[in-house]
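Those letters in the sequence shown? Residues 1 to 270, per the UniProt record's numbering, in order. Even glycine gets a Cβ: it sits at the ideal position worked out from N, Cα and C. Computed from a prediction, not measured in an experiment: that's the story for all the values here. Working notes for the structure below.
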Amino acid sequence: MNRSLGDDHAGHALRTPGRPHSFNRYEIKYLVPGELLPGLRAELAGRMDADSHGADGGYGVWSTYYDTRDLRFYWEKIEGLKFRRKLRVRHYGDRTNVGDDTPVHVEIKQRVNRVTQKRRVAMPYHLARDLCDGRRMVEHDPSQAAFLEEVLELISLLDLRPVAMTGYQREAYVGRDADVGLRVTVDSRVRGRDRDFDFAADAENRLIVPARLSVVEFKANERVPYWLTDLAARLNMSVVRVSKYCQSVEAFGRAPRSIFHIPASETVEV
1 MNRSLGDDHA GHALRTPGRP HSFNRYEIKY LVPGELLPGL RAELAGRMDA DSHGADGGYG
61 VWSTYYDTRD LRFYWEKIEG LKFRRKLRVR HYGDRTNVGD DTPVHVEIKQ RVNRVTQKRR
121 VAMPYHLARD LCDGRRMVEH DPSQAAFLEE VLELISLLDL RPVAMTGYQR EAYVGRDADV
181 GLRVTVDSRV RGRDRDFDFA ADAENRLIVP ARLSVVEFKA NERVPYWLTD LAARLNMSVV
241 RVSKYCQSVE AFGRAPRSIF HIPASETVEV
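Listed below in structure tokens is the structure:
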């Protein structure tokens with residue numbers, strides 16, 4: 001790597017949490033072969049509730065990630081910086097139906113030590129593009145002003161641009177009773193592309209994680225309950241340090257494949 005991650009006013013001035021929808025949590029990721037999923041689903045269904053949006057096999061999650069010319073955010077993840085972040089625009093559902101007025105989320109996801117923080121604002125897709133690609137302030141509720149100003153400053157000072165897109169099918173489970181705040185997601189058919197970043201673009205998406213593998217994530221406000229870590233141990237689930245964004249960057253040759261890269265099939269999907 002031929003750049004410094006030293007003192008950087010533009011980078012360090014933009015780290016104050018905003019007031020829109022936000023939450024902190026701990027996250028643990030696993031890479032799970034397809035043959036283990038039926039047993040995992042059965043165990044989760046016995047102790048958790050299915051996400052209300054995840055009926056009939058789950059829902060699509062599509063994200064466009066922004067980064068600098070030298071992939072600053074990518075390298076922050078690879079190098080394991082205690083503070084790191086990503087800027088993305090995210091759509092939940094079928095990407096082929098996305099239009100100008102479809103609701104999407106503009107989101108900053110950041111890691112502070114071991115805690116993941118997410119802050120986001122929902123808006124129509126055309127306004128998200130005006131903000132992130134057109135680099136201009138858009139109509140907003142006064143309560144969203146600080147966050148949107150932070151996003152715009154981040155994009156302008158660091159000269160961010162779309163770098164990668166990821167998409168996958170998500171099943172989600174939410175905790176109940178003593179496990180309120182717990183969430184488990186199962187992400188399958190993890191795909192990506194490195195161009196044509198409009199969600200509805202008629203473009204090919206390559207599998208960036210082999211189809212036989214799913215990314216399972218445990219997410220908790222304070223700690224992951226013992227019964228869930230015990231389940232992971234019984235199923236011999238392997239903890240991984242994987243980022244779908246980094247996986248997409250490497251799969252398309254934007255950066256050398258790191259030690260965290262999951263070798264992927266070359267299969268192309270739409």
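Shortest Cα-Cα distance from H126 to any of V115, G99, V242 involves G99. Assigned with DSSP and collapsed to three states, R195 falls in coil, not helix or strand. Per DSSP, the beta bridge partners of Q169 are G60, S188.
Using a Cβ distance threshold of 9 Å, V224 and Y26 count as a contacting pair. In this structure, R193 places its C-beta atom within 9 Å of the C-beta atom of R206. If the five residues before and after R90 are omitted, its C-beta is found closer than 6 Å to the C-beta atoms of S63, H105, E107, all from its own chain and listed in chain order. Residues of the same chain with a CB within less than 8 Å of the CB of S156, apart from the 5 flanking positions on each side, are R135 in chain order. Three or more beta-carbon pairs separated by less than 8 Å link the region 196-214 to the region 34-49, which places the two stretches in contact. Taking C-beta atoms as the reference points, D196 and E217 fail to come closer than 9 Å. In this structure Y66 is buried. Its beta-carbon is surrounded by 16 or more other beta-carbon atoms within 10 angstroms. The three-state reading of DSSP puts I259 in coil, since its state is none of H, G, I, E or B.
A220 has its alpha-carbon roughly 9 Å from the corresponding atom of V180. In the three-state DSSP reduction, P162 falls in the strand class (E or B). For I108, the enclosing beta strand (DSSP E) covers residues 103-112. Distance between T166 and W227, taken at the CA atoms: about 31 Å.
According to the DSSP assignment, K219 belongs to the beta strand (DSSP E) that extends over 213-220.
In this structure, E139 keeps its C-beta atom at 9 Å or more from the C-beta atom of G58. Between the beta-carbon of K109 and that of R85 there is about 6 Å, and that keeps the pair under the 8 Å contact cut. The criterion of a C-beta distance shorter than 9 Å is satisfied by V249 and A164. Taking C-alpha positions only, R88 is separated from V112 by approximately 18 Å. Cβ-Cβ separation between A255 and Y92: approximately 28 Å, too far for a contact (criterion under 8 Å).
CA-CA distance, R176 to L182, rounds to 8 Å. DSSP places T229 in the uninterrupted alpha helix (DSSP H) bounded by 226-234. For R129, there is no enclosing beta strand (DSSP E); the enclosing alpha helix (DSSP H) has its first and last residue at 125-132.
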